[in-house]
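Trainee:
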Amino acid sequence: MRRRRRSALAVASLGLAALLATAGQATASPSTASQATASPSTSEQAVQSEQAALAAAATPLTASNFRYTLSQTSSTLVSALDSALPNVTMGAVADDANRTPSCGSAPSVTNRTAYYCWNDGDQDTDAWYPQGITTSSDAYAEGTYDGKRINLVSWYDHAEDGIDKGVRISVSNLSASASAPPYRHILLVEPSGTASAPSFKAVNVHAGGIMWYGNLLYVADTSGGFRVFDLNHLWQVSTGNSSAIGWQSDGSYQAFDYKYVLPQTAKFTDSTAGGYAQLQHSSVSLDRTSTPDSVVVSEYRSAADVDAGAQVRTIRVPIDYTNRYLKPASDGIIKATEAYRTDLESVQGSTAINGEFFFSQSDGSDHADPNSDGDLHTFVAPSGSIVRHGNALTVGAEDLSYDPTRDYLWSLGEYPGYRWVYAADASTF
534 MRRRRRSALA VASLGLAALL ATAGQATASP STASQATASP STSEQAVQSE QAALAAAATP
594 LTASNFRYTL SQTSSTLVSA LDSALPNVTM GAVADDANRT PSCGSAPSVT NRTAYYCWND
654 GDQDTDAWYP QGITTSSDAY AEGTYDGKRI NLVSWYDHAE DGIDKGVRIS VSNLSASASA
714 PPYRHILLVE PSGTASAPSF KAVNVHAGGI MWYGNLLYVA DTSGGFRVFD LNHLWQVSTG
774 NSSAIGWQSD GSYQAFDYKY VLPQTAKFTD STAGGYAQLQ HSSVSLDRTS TPDSVVVSEY
834 RSAADVDAGA QVRTIRVPID YTNRYLKPAS DGIIKATEAY RTDLESVQGS TAINGEFFFS
894 QSDGSDHADP NSDGDLHTFV APSGSIVRHG NALTVGAEDL SYDPTRDYLW SLGEYPGYRW
954 VYAADASTF
């Protein structure tokens, strides 16, 4: 459950204080039709005007102090699982969709351009919570993968059944239907065992953000950096056992009754220099409008965290289109090339478009209160003011992903019963 946002004056005052703080040092922290929403009331316009007037610029930080180290899963272990299991393509998984979504209503989203939902079971379950979103327009600039327009959404296991199933990914086939795309869940796994006795286990991360680039899927690991999964090793496994994972004594491979698994093949572990506190990896997105392509990462901090002095930061890291990995600097070290302190609480997703940063902010869970709808914040780097677009998103707004082929800014809701996946016209913000 997320805490509500403080008053506009408090946010602006905190941002102004951030401007006056020393930028070079980060202290440790404690923890498909277009439809616009109704025009804001006079009082709402007044509040927004006050916030815009009081808004402060984000504070630049020393970007090179945020760093990553690459480690890779044993290639012999991955090869052993390749030999043991049928390999399939993402296109085949999309064609093998086994769930059909339906929406009871449309989401209230400013300048909405598209939306869809899940089936009733996924819409209402409290055993899994959706978090991250990425699209085939992230994977390839032409906007399709295996000839299909596909959206991927991450869910983390929230069930209290004593079995941690980790993370599942919804593969939605928008080429089959843009308004009700059929979909299937696949499970993320981490190879384990040995080359002579290969197996795999669940990936126990929050998966607050995901990013698809070529054949690789990046998944945010809150306290560890990124887990990386390779779609060139997408395996079909046996089904029928909802409590087992990996190799079984009968020779089968199970994955909690999921038909397909996607394995981790690499990891980027984050670190910092210059006394900076470790970055919390709460969201991730791809920016194809930068040169080179880059990854935008932001951290979530609650209102209580920020009140207690926690900083809220976002960084940009270049990525190499030739191997799909984060790109090292000339000295061989993977470093951020931009970093800012925003001190925006409850940031759930972020991205950047032509130098403008976008942040989604959750704002409570009272579905009957329009002021619990999620907010969108923007600023133009490096010195633009942070601008709030109040109640532009749904309750429980989560990750962000930008589709430049259609100028769609994608997001989604996490709360049961309010789990739309939707896009807004990015150019209107």
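Each residue of the sequence shown is one higher than the one before, starting from 534 at the first, in our numbering.
Note that beta-carbon positions come from the ideal geometry of N, C-alpha and C, so glycine has one too.
For isoleucine 866, which of Ala625, Ser597, Ala589 has the nearest alpha-carbon?
Mentor: With distances taken between Cα atoms, isoleucine 866 lies closest to Ser597.
Trainee: Identify every run of the beta strand (DSSP E) within the stretch 810–855, keeping only runs that are complete inside it and at least 3 residues long; order them along the chain.
Mentor: Those beta strand (DSSP E) runs which fall completely within the stretch 810–855 and span 3+ residues are 816–820, 827–831, 846–851.
Trainee: Report the partner residues of lysine 681 according to the DSSP bridge assignment.
Mentor: In DSSP, lysine 681 forms a bridge with Tyr678.
Trainee: So, with DSSP's three-state summary, where would you put threonine 592?
Mentor: Strand at threonine 592.
Trainee: Assuming alanine 713 and serine 635 are in contact, meaning their beta carbons sit under 8 Å apart, how far apart are those beta carbons, in whole angstroms?
Mentor: The pair is a contact, with the Cβ atoms about 7 Å apart (cut-off 8 Å).
Trainee: Could you work out which residue in Gly923, Arg834, Arg846 is closest to alanine 590 when comparing CA atoms only?
Mentor: Out of Gly923, Arg834, Arg846, Arg846 has the C-alpha closest to the C-alpha of alanine 590.
Trainee: Helix, strand or coil for alanine 862, going by three-state DSSP, please let me know.
Mentor: Three-state DSSP puts alanine 862 in coil, outside helix and strand.
Trainee: Would the beta-carbon of leucine 933 fall within 8 Å of that of glycine 882?
Mentor: Contact: yes.
Trainee: How close, in whole Å, do the beta carbons of glutamine 797 and valine 770 come, if the pair is a contact with beta carbons under 8 Å?
Mentor: That belief does not hold up - the Cβ atoms of glutamine 797 and valine 770 are roughly 15 Å apart, past 8 Å.
Trainee: Helix, strand or coil for alanine 740 per DSSP?
Mentor: Residue state, collapsed to three classes: coil.
Trainee: Whose CA, out of Ser835, Pro619, Pro715, His814, lies closest to the CA of valine 828?
Mentor: The residue with the shortest Cα to Cα distance from valine 828 is His814.
Trainee: Helix, strand or coil, according to DSSP, for serine 960 in the structure here?
Mentor: Looking at serine 960 - three-state DSSP - the assignment turns out to be helix.
Trainee: In this structure, what does DSSP give as the bridge partners for glutamine 797?
Mentor: Paired residues: Phe762.
Trainee: Could you give the distance in angstroms between the alpha-carbon of threonine 855 and the alpha-carbon of glycine 747?
Mentor: Cα to Cα, threonine 855 sits roughly 9 Å from glycine 747.
Trainee: When the distance is taken between beta carbons, is tyrosine 951 closer than 8 Å to glycine 929?
Mentor: Against a cut-off of 8 Å, the Cβ pair of tyrosine 951 and glycine 929 comes out as a contact.
Trainee: Alpha carbon to alpha carbon, what distance is there between glycine 695 and tyrosine 648?
Mentor: Approximately 34 Å between the Cα atoms of the pair.
Trainee: For the alpha helix (DSSP H) containing threonine 875, name the first residue and the last one.
Mentor: Careful: threonine 875 lies outside any alpha helix (DSSP H) and carries neither H nor E.
Trainee: Have a look at Val850, Val761, Asp671 and flag the residue whose alpha-carbon is nearest the alpha-carbon of arginine 939.
Mentor: That would be Asp671, whose Cα lies nearest to the Cα of arginine 939.
Trainee: Per the contact definition of three or more C-beta pairs closer than 8 Å, is the stretch 695–704 in contact with the stretch 911–922?
Mentor: Judged by Cβ distances under 8 Å, the stretch 911–922 makes no contact with the stretch 695–704, as fewer than three pairs qualify.
Trainee: Taking valine 704 as part of the beta strand (DSSP E), name the residues at either end of that continuous run.
Mentor: Run containing valine 704: 700–706, per the beta strand (DSSP E) assignment.
Trainee: Starting from serine 616, trace the alpha helix (DSSP H) both ways and give me its first and last residue.
Mentor: Element bounds for serine 616: 608–617.
Trainee: What are the start and end residues of the beta strand (DSSP E) that includes glycine 665?
Mentor: That run of the beta strand (DSSP E) goes 661–668.
Trainee: Would you report the Cα separation of tyrosine 935 and alanine 862, rounded to the nearest angstrom?
Mentor: Roughly 26 Å separates the two Cα atoms.
Trainee: So, with DSSP's three-state summary, where would you put asparagine 748?
Mentor: Coil, per DSSP.
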